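Chemist: Everything in the sequence shown is counted per my numbering, starting at 1244 for the first residue and increasing by one.
Built from N, CA and C at the ideal position, the CB exists for glycine as well.
It should be emphasised that the depicted structure is a prediction, and the values quoted were computed from it without experimental measurement.
Take this structure, written in structure tokens, and hold onto it; I'll ask about it next.
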Amino acid sequence: MTLKSFFLTLATALALTVPVTVARDFSGLGQIRTLYIRDDHEDLGCLTSQGRWTTDESQCGTFVAVRDAHDFKLTALDGGKCGVDVATFKCGQGVQWDVFATFGTNGPIPGREVLRYSQYGVMATNGMSPPNFREPALDIHFYSGAEKGKYAWLAWKPLDDAE
């Protein structure tokens, strides 16, 4: 065995023994945060329990994400099931419970998972975004190219059961 083949064999063996870490994103109890799509990924607020974008932290909804190996479903504790209705993210009575996924930790924000629905993920509003603190929360939908303001990825902020 050559030295090169020895190191290749060793590297392969070590790769097989390294434990795989499972992301905590979109699992358990958490908030849905809006992160700017640009390089700094500035936190631009959160979603309310109705699935609307706000910058008022007191209005942030608490969500439960039930995840399996490939996807997850979301429920707002005070709003109900979450889904997409004509490209708009919503939670509440009458909302069809949709299945979401992520782009993985190698996606648009390295090391962090962001929500996707099919191939869609960048979110926007028809109003000024992010919304002003004093203004009502805004409906948030998948980016179409016509919106003004900042666009966002939806990311997860895990909450402890005590929060």
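Mind checking whether the beta-carbon of residue 1388 lies closer than 6 Å to any heavy atom of the ligand GTP?
Modeler: Judged by which ligands are present, the structure shown has none, so any question about the ligand GTP falls away.
Chemist: Taking the alpha-carbon of residue 1334 as reference, which of 1287, 1321, 1354 has the nearest alpha-carbon?
Modeler: Indexing the sequence shown from 1 puts residue 1334 at position 91. If we check each option's Cα against that of residue 1334, 1321 comes out closest.
Chemist: Pull the bridge partners of residue 1286 from the DSSP assignment, please.
Modeler: Counting from one through the sequence shown, the residue named residue 1286 turns up at place 43. Answer is 1278.
Chemist: Let me know if residue 1330 comes out buried or exposed under the rule of 16 or more other beta-carbons within 10 Å of its beta-carbon.
Modeler: Translated into positions along the sequence shown, residue 1330 becomes position 87. Flag for residue 1330 reads exposed.
Chemist: Evaluate the contact criterion for the stretch 1297 to 1306 versus the stretch 1340 to 1347: three or more CB pairs, one atom per stretch, below 8 Å.
Modeler: The stretch 1297 to 1306, when compared against the stretch 1340 to 1347, does not touch it at the 8 Å Cβ threshold.
Chemist: Could you tell me how far apart the beta carbons of residue 1395 and residue 1279 are, in whole angstroms, since I believe they sit closer than 8 Å?
Modeler: The sequence position of residue 1395 within the sequence shown is 152, counting from 1. The sequence position of residue 1279 within the sequence shown is 36, counting from 1. With 8 Å as the limit, residue 1395 and residue 1279 qualify as a contact, their Cβ atoms being about 6 Å apart.
Chemist: Among 1367, 1402, 1393, whose alpha-carbon lies nearest the alpha-carbon of residue 1382?
Modeler: Working through the sequence shown from its first residue, we reach residue 1382 at position 139. Per the Cα distances, 1367.
Chemist: In whole angstroms, give me the CA-to-CA distance for residue 1351 and residue 1282.
Modeler: Here the question's residue 1351 lines up with position 108 in the sequence shown. Here the question's residue 1282 lines up with position 39 in the sequence shown. The alpha-carbon atoms of residue 1351 and residue 1282 are separated by roughly 10 Å.
Chemist: When the Cα atoms are used, what is the spatial distance from residue 1356 to residue 1292?
Modeler: Indexing the sequence shown from 1 puts residue 1356 at position 113. Indexing the sequence shown from 1 puts residue 1292 at position 49. Rounded to whole angstroms, residue 1356 to residue 1292 spans 21 Å at the Cα level.
Chemist: Going by beta carbon distance, what residues of the same chain come within less than 6 Å of residue 1339, once the five residues before and after it are set aside?
Modeler: Within the sequence shown, numbered from 1, the residue matching residue 1339 stands at position 96. Excluding residues within five positions, the ones whose Cβ falls inside 6 Å are 1326.
Chemist: Between residue 1391 and the rest of its own chain, which residues show a CB-CB distance below 8 Å, the 5 nearest in sequence each way excluded?
Modeler: Residue mapping note: residue 1391 aligns to position 148 of the sequence shown, counting from 1. So the qualifying residues of the chain are 1371, 1372.
Chemist: What do you reckon, are the CB atoms on residue 1332 and residue 1269 nearer than 7 Å?
Modeler: Numbered from 1 along the sequence shown, position 89 holds the residue referred to as residue 1332. Numbered from 1 along the sequence shown, position 26 holds the residue referred to as residue 1269. It is not a contact, given that the beta carbons lie outside the stated cut-off.
Chemist: Measuring straight from C-alpha to C-alpha, what distance separates residue 1400 and residue 1324?
Modeler: Here the question's residue 1400 lines up with position 157 in the sequence shown. Here the question's residue 1324 lines up with position 81 in the sequence shown. So the two alpha carbons sit approximately 18 Å from each other.
Chemist: For residue 1375, which of 1287, 1273, 1272 has the nearest alpha-carbon?
Modeler: Reading the sequence shown from its first residue, position 132 is the one you call residue 1375. For the residues 1287, 1273, 1272, the minimum Cα distance to residue 1375 belongs to 1287.
Chemist: Measure how close the beta-carbons of residue 1308 and residue 1271 come, nearest whole angstrom, since I'm counting them as under 8 Å.
Modeler: Taking the sequence shown and counting its residues from 1, the one referred to as residue 1308 is at position 65. Taking the sequence shown and counting its residues from 1, the one referred to as residue 1271 is at position 28. Right, their Cβ atoms sit about 6 Å apart.
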